[in-house]
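Everything below concerns the one structure shown next.
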Amino acid sequence: MHLPARYTLELDAAHRTRRRIGALPTAVPDTATGPDHPVRTIYDARHQQTLPGEKVRAEGAGPAKDQPVNHAYDGLGATFTLYLRAYGRHSIDGRGLPLNASVHYGQGYNNAFWDGKQMVFGDGDGRIFQDFTGSVDVIGHELTHGVTQYTANLEYFGQSGALNESVSDVFGSVIKQYALRQTVDQADWLIGADVLAPGIHGTALRSMKAPGTAYDDPTLGKDPQPATMDGYVSTSQDNGGVHINSGIPNHAFYLVAAALGGHSWERAGQIWYDTLTGGALASDADFAAFARATATAAQTRYGDGEEYQTVLKAWSQVGVPAAPTGTALPRQASPQQQAPEGAQPPSQG
Amino acid sequence: MRIAVTRTGGFAGITRRAELDTTGRPDAGRLHALAHEVLTASDSGTPVGVPDGFVYEITVDGRTVRCADPHLSGAQRKLIQQVLKEGA
């Protein structure tokens with residue numbers, strides 16, 4: 000998705016408004032620091048793989064002639080704006096970290112990544128993928144790896160790795176929805192819809208609404224993502240299938256957002272953000288630990304009402320137990336959670 | 000000499016594998032030199048990568064080494080690009 004110019008203007012106006020609001024002592028958490036606007040620098044790697052490359056656009060400078068430079072600049076801005084305006088977070092580290100990105104990395108390079116300090120975008124080979132700056136959810140996804148690095152620091156392997164990936168998909172999609180002011184019904188819930196090359200049979204790389212249906216192509220193969228634990232894939236490749244099993248927590252977030260309605264960055268996004276940044280989540284958390292943490296986050300912020308019940312139900316639908324240990328499970332509990340017939344009920348107290 | 004490259008990870012999480020046999024190739028000498036350099040300069044342990052970074056497994060006549068973006072040597076990058084025929 001390319002952000003139209005009017006969104007950039009709208010976001011800039013939002014920054015100015017925010018700066019005025021930010022003067023009020025209660026507008027942002029006391030711990031937040033850093034300016035209420037992004038500090039972006041875009042570099043051109045000139046098809047080499049030496050980072051960062053040549054500086055081509057600084058914060059506040061007008062658009063460059065090269066569109067990937069502008070897409071990267073706008074995508075970094077959209078990400079900064081979502082985190083600040085929805086959650087009061089100042090940049091990736093919460094302390095105003097300058098956002099740097101390099102475009103035109105390598106030759107026909109089919110990837111984009113956060114290297115721990117900056118964003119890196121390839122051009123794609125034009126056969127399978129095209130310019131990776133083209134999807135704002137991809138930019139948001141990568142920068143959210145930075146947010147995770149500074150907060151829950153989920154280990155990039157197995158279930159904690161799939162959670163790391165899922166959190167990036169969740170906020171990547173939320174960032175796009177925020178930029179487009181979409182409701183959960185209007186959103187496409189797709190990741191990477193604009194980076195697939197023309198001719199590839201597929202709508203995107205991943206679908207949070209319907210994991211496993213994003214593509215089916217002779218070159219790419221078929222989207223391998225499961226939506227529920229029944230389809231969990233055990234593999235040693237891809238750090239234990241971090242890009243495959245992320246479909247399960249992705250779908251749980253979608254179910255929560257769809258059930259609560261309205262805007263995904265409000266209650267659903269807030270619960271996931273609280274979970275990621277609250278300090279209670281272990282870096283080696285598995286799906287069940289993350290699910291419990293989201294339930295606790297929902298309860299802490301919103302009480303025992305609709306939000307908490309919706310979170311429990313969503314995790315139950317994807318087959319992950321979310322109820323706190325020792326608490327009665329809701330009726331919709333998945334088969335894995337239910338005691339076999341004839342089993343003794345757990346003793347109380 | 001048979002050289003195989005398996006690439007996993009990446010934003011898309013899609014695995015790609017390709018293999019070539021240097022027998023009879025006009026560039027066999029150059030490929031042998033690259034393969035030798037990669038084998039001697041790499042190790043078989045798990046490389047330290049980055050989220051969404053590509054991870055590569057290079058197998059030369061049965062011996063496997065691993066490496067990861069964005070920390071490839073020039074020889075690793077050239078060999079991977081040659082075998083996968085795709086931007087590495």
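Protein chains in written order, with numbering that gives the first Met the number 0: chain U, 0 to 348; chain Z, 0 to 87.
For glycine and all other residues, C-beta sits at the position ideal for the given N, C-alpha and C.
The model shown is predicted, which means the values in this text are computed figures rather than measured ones.
- Put simply, the CB of Z/Ala11 is near chain U, with a gap under 8 Å to one of its CB atoms.
- DSSP, read as helix, strand or coil, puts Z/Gly52 in coil.
- When the five nearest sequence neighbours on each side are left out, the beta carbons in the same chain lying within less than 6 Å of the beta carbon of U/Leu96 are those of Ser90, in order along the chain.
- Looking at U/Tyr86, U/Gln129, U/Thr182, the one whose alpha-carbon comes closest to that of U/Tyr104 is U/Gln129.
- The shortest C-alpha to C-alpha distance from U/Asp43 to any of U/Ser101, U/Gln66, U/Ala71 is the one to U/Ser101.
- Neighbours of U/Ile243 in chain Z, taken as residues at a C-beta separation under 8 Å, are given in chain order as Gly12.
- U/Ile174 and U/Arg291 have their C-alpha atoms spaced approximately 25 Å apart.
- About 13 Å separates the beta carbon of U/Ala178 from that of U/Val137, a gap too long to meet the 8 Å contact definition.
- Here U/Gly240 carries a helix assignment [DSSP, helix/strand/coil].
- In the DSSP secondary-structure assignment, U/Asp216 is bridged to U/Gly220.
- For Z/Asp42, the closest Cβ of chain U is not nearer than 8 Å.
- A straight line joining the alpha-carbon of Z/Asp68 with that of Z/Arg76 spans about 9 Å.
- Going by C-alpha positions, U/Ala71 is about 33 Å away from U/Ala258.
- Inclusion of U/His46 and U/Gln106 in the CB contact set at 8 Å is warranted, their separation being smaller than that value.
- DSSP, reduced to helix, strand and coil, places U/Lys54 within a strand of the structure shown.
- Taking 8 Å as the upper bound for CB-CB distance, U/His140 and U/Ile190 are in contact here, some 7 Å apart.
- Rounded to whole angstroms, U/Thr227 and U/Arg126 show a C-alpha spacing of 32 Å.
- The three-state reading of DSSP puts Z/Leu38 in helix, counting H, G and I together.
- Nearest CB-CB separation between U/Asn249 and chain Z: not below the 8 Å threshold.
- For the C-beta of Z/Gly61, not a single chain U residue is nearer than 8 Å; the gap to the nearest is close to 19 Å.
- When secondary structure is reduced to three states using DSSP, Z/Ile13 falls in the coil class, being assigned neither helix nor strand.
- The C-beta distance from U/Thr293 to U/Trp264 rounds to 15 Å, too long to meet the 8 Å contact threshold.
- Its chain contains Leu38 as the residues whose beta carbon lies nearer than 7 Å to that of Z/Arg62, once the 5 sequence neighbours on both sides are disregarded; these appear in chain order.
- Sorting U/Ile243, U/Ala111, U/Gln176 by C-alpha distance to the C-alpha of U/Glu164 places U/Ile243 at the top.
- Approximately 13 Å separates the beta-carbon atoms of Z/Ala32 and Z/Ser72; this is outside 8 Å, ruling out the contact.
- For U/Ile247, the enclosing alpha helix (DSSP H) has its first and last residue at 246-259.
- Exclusion of the five residues before and after Z/Thr58 leaves Ala3 as the residues of its chain whose Cβ lies within less than 7 Å of its Cβ.
- When Cβ-Cβ separations below 8 Å define contact, U/Asp136 makes no contact with chain Z.
- Ala111, Phe112, Trp113, Asp114, Gly115, Val119, Gly121, Asp122, Gly123, Asp124, Arg126, Ile127, Phe128: these are the residues of the stretch 111-129 of chain U whose beta carbon lies less than 9 Å from some beta carbon of chain Z, given in chain order.
- By the rule that beta-carbons nearer than 8 Å mark a contact, Z/Pro69 touches chain U.
- For U/Leu98, the enclosing beta strand (DSSP E) stretches over residues 98-102.
- Counted as a single uninterrupted DSSP element, the stretch harbouring U/Thr299 is not any beta strand (DSSP E) but the alpha helix (DSSP H) occupying residues 286-301.
- By alpha-carbon distance to U/Leu254, the top candidate from U/Gly61, U/Thr212, U/Gly201, U/Val183 is U/Val183.
- Within the model, the alpha-carbon separation for U/Gly211 versus Z/Gly28 is close to 44 Å.
- Interface with chain Z (8 Å Cβ-Cβ cutoff): U/Asp229 is excluded.
- Nearest to U/Gln298 by alpha-carbon distance, out of U/Ala151, U/Val317, U/Ala267, U/Ala85, is U/Ala267.
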